[in-house]
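Participant:
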Amino acid sequence: MTGNPAVTFVDQRAIEESNTKGRAHLESDYQRLGEVLDRTGVQIDTITRAVAAFEVAIPSWGVGTGGTRFARFPMEGEPRNVFEKLEDCSVIAKLTGATPRVSLHFPWDKTDDLAALKACGDELKLGFDAVNSNTFQDRAGQSHSYKFGSLTHTDASVREQAVAHNLECIRMGQALGSKALTLWIGDGANFPGQQNFSRAFERYLDSASKVYAALPADWRLLIEHKMYEPAFYATVIQDWGSSLLAAQTLGPKAFCLVDLGHHAPNVNIEMIVARLIHARRLGGFHFNDSKYGDDDLDSGSIDPYRLFLIFNELVDATWRKTPDLSLAHMLDQSHNVTDPIESLMTSAIELQRAYAQSLLVDRRALDGYQEKNDVLMAAQTLKRAFTTDVQPILQMARLRSGAAIDPVATYRTSGYRAACAARRPASKSLGGGIV
Ligand code: RM4
Ligand code: MN
Ligand code: MN
1 MTGNPAVTFV DQRAIEESNT KGRAHLESDY QRLGEVLDRT GVQIDTITRA
51 VAAFEVAIPS WGVGTGGTRF ARFPMEGEPR NVFEKLEDCS VIAKLTGATP
101 RVSLHFPWDK TDDLAALKAC GDELKLGFDA VNSNTFQDRA GQSHSYKFGS
151 LTHTDASVRE QAVAHNLECI RMGQALGSKA LTLWIGDGAN FPGQQNFSRA
201 FERYLDSASK VYAALPADWR LLIEHKMYEP AFYATVIQDW GSSLLAAQTL
251 GPKAFCLVDL GHHAPNVNIE MIVARLIHAR RLGGFHFNDS KYGDDDLDSG
301 SIDPYRLFLI FNELVDATWR KTPDLSLAHM LDQSHNVTDP IESLMTSAIE
351 LQRAYAQSLL VDRRALDGYQ EKNDVLMAAQ TLKRAFTTDV QPILQMARLR
401 SGAAIDPVAT YRTSGYRAAC AARRPASKSL GGGIV
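Start counting the sequence shown at 1; every next residue gets the next number (our numbering).
(1) Measuring from each Cβ to the nearest heavy atom of ligand 3, keep the ones under 7 Å and list them in chain order.
(2) Report whether the distance from the Cβ of E224 to the nearest heavy atom of ligand 2 is below 7 Å.
(3) Any idea which residues DSSP pairs R101 with across the strands?
(4) Helix or strand or just coil, what does DSSP make of T46?
(5) Below 6 Å CB to CB, which residues in the same chain sit around R424 once its five sequence neighbours on both sides are set aside?
(6) I'd like to check one pair, A397 with L95: are the Cβ atoms closer than 8 Å?
(7) Inspect the CB distances between the stretch 31 to 49 and the stretch 117 to 129 and report whether three or more fall short of 8 Å.
(8) On the DSSP bridge assignment, give the partners of R32 in chain order.
(9) Below 7 Å, is the gap between the Cβ of W184 and the nearest heavy atom of ligand 2?
(10) For the beta strand (DSSP E) containing T182, list its first residue and its last residue.
(11) Return the chain-ordered list of same chain residues with a C-beta closer than 7 Å to the C-beta of N308, the five sequence neighbours on each side being excluded.
(12) Which residue wins for smallest C-alpha separation from V102, given the options D113, T410, G121 and D316?
(13) Label P392 either buried or exposed according to how many other C-beta atoms from any shown protein chain fall within 10 Å of its C-beta, with 16 as the threshold for buried.
(14) If F287 sits next to H329, beta carbons under 8 Å apart, how far is it from one beta carbon to the other, in whole angstroms?
(15) Got a sec: does ligand 1 put a non-hydrogen atom nearer than 7 Å to the Cβ of W219?
(16) By Cβ distance below 7 Å, which residues in the same chain neighbour T388 in space, the five residues on each side in sequence not counted?
(17) Are there any heavy atoms of ligand 1 lying less than 7 Å away from the beta-carbon of W240, as far as the coordinates show?
(18) Measuring from the CB of H278, is there a heavy atom of ligand 1 at a distance below 7 Å?
(19) In whole angstroms, what is the alpha-carbon distance linking E35 and V42?
(20) Quick one: what's got a C-beta closer than 8 Å to L134's C-beta in the same chain, skipping five residues either side?
(21) Considering V258, what are the terminal residues of the beta strand (DSSP E) in which it resides?
(22) Let's test the definition: count the other Cβ atoms within 10 Å of the Cβ of M75 and tell me whether it reaches 16, buried, or not, exposed.
(23) Taking the alpha-carbon positions, what's the M1 to D11 distance?
(24) Kindly list the residues whose CB is nearer than 6 Å to the CB of S343, restricted to its own chain and excluding five residues on each side of it in sequence; keep chain order.
(25) Quickly, what does DSSP pair R72 with across the bridge? List them, please.
(26) Could you pull the start and end residues of the beta strand (DSSP E) that I302 belongs to?
(27) Is H105 near ligand 1, judged by its Cβ being under 7 Å from some heavy atom?
(28) According to DSSP, is I310 helix, strand or coil?
(29) Does the distance from the C-beta atom of L215 to that of L114 stay below 8 Å?
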């Protein structure tokens, strides 16, 4: 018996045992849905195969309990270091069959032994997705503070320090097999007049070009925009326009990353997605949901129709044979009141659901309605796909790939969290914070 609880508590036998219970019902639900879809000319197995091939990366910072600016309420058995984070990520991967890679965040996940981290990933069958740099916080011992910015700071030595950190992230990512660096900076202003907008953007381009120049040939730079926070008046890369401008200025390996929570409420994100696809600069997503601001809530928990409409644009782009569409799908959520493992599993499944529903859209019919300006039927064509209960497809995709029909139920019976609580003494950190 291995000492690793991810291996011990969530092994293939436990998954199969749990699947035995749900299997008969699933077979008949699947058969029935297959018949319904067949009437509209859709082969259910085609959709199931596509869902099974869907992948989304887990953010290492997502498996710890999140918090607000006011407080953090840590849960028992939280991972205390990157190795334990990988253990939790492997549970999510095994149970959902949808999350084969982890996205790391440095220096939060920094370790002296990258070879051991890579070996740990191999043992747990986890790869490493885009690496994320962090120049929005100071860390002990660093020479310069990021209080007034990093890549856009007025002082060249602060900018150099921030560039150097990004180059280090690339080196660490290379050792782990990552192929992208996600660049999100909190730089901006809290007061009108605090910062010269034009000069700050010019400094950004200058610093980012140094990071870009250090990218290995097969790497991409993912530029993430965010409307506000921590800069509450003006953020340097605040919208997809600034992000696209930066990507186009930097070069062909620079792409825009859309974090769903980084927009004003009601913004038409699916349209932003369409524009970035048109510009050939859509690089990936940080999926989450929100009600009021950058709430970092579970994907699809507030507005599943919006999530569907975003996937609808992606499927449409594939249908139109848009070349070179290669997207880094990642979750980016803060789990303040739920077990992060359960939230992340549920979120990965919500993405698969939106994807499956989008695949059901009758695109030829939609095209026709759009051409004829048949507004009601066009809208209904999307709604019909969205309101189809694709649960049996998602469950069958998991069953066929050796994952759990019901990941949350299987996780709860596994005793994994309790085993972690016994091995990982409770965290003392009760303060506020983003993670
Ligand atoms: C930011 C942004 C970044 C994430 C940090 C933790 O708001 O979404 O992607 O790395 O939060
Ligand atoms: Mn993000
Ligand atoms: Mn965010």
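From the three backbone atoms N, C-alpha and C, an ideal C-beta is built for every residue, glycine too.
Note that the structure is predicted; figures quoted are calculated from it, not measured.
Facilitator: Walking through what the data contain:
(1) K226, D259, G261, H262, H286, D294, D296 and D332
(2) yes
(3) G127
(4) helix
(5) The answer, listed in chain order, is G77 and R80.
(6) no
(7) Between the stretch 31 to 49 and the stretch 117 to 129 there are fewer than three inter-stretch CB-CB distances shorter than 8 Å, so the stretches are not counted as touching.
(8) BP columns for R32 are empty, so no partner.
(9) yes
(10) A180 to L183
(11) The identity of residue 308 in the sequence shown is Phe, whereas the question assumes Asn. These residues qualify, in order along the chain: A354, Q357, S358 and F386.
(12) Residue G121 is the option with its Cα nearest to V102.
(13) buried
(14) 7 Å
(15) No, Cβ of W219 sits at least 7 Å from all heavy atoms of ligand 1.
(16) Q357 and L360
(17) no
(18) no
(19) 9 Å
(20) Note on residue identity: the sequence assigns Asn, not Leu, to residue 134. Hits under 8 Å: H105, F106, P107, W108 and H165.
(21) A254 to D259
(22) buried
(23) Unreliable placement is indicated for M1, whose pLDDT of 43 sits below 50; no coordinate value is reported for it.
(24) In the same chain as S343, and ignoring 5 residues on each side of it, the C-beta atoms closer than 6 Å to its own belong to D298 and H335, in chain order.
(25) G67.
(26) Per DSSP, I302 belongs to no beta strand (DSSP E) and is neither H nor E.
(27) Taking 7 Å as the cut-off, the C-beta of H105 counts as close to a heavy atom of ligand 1.
(28) Note: I310 maps to helix in three-state DSSP.
(29) no
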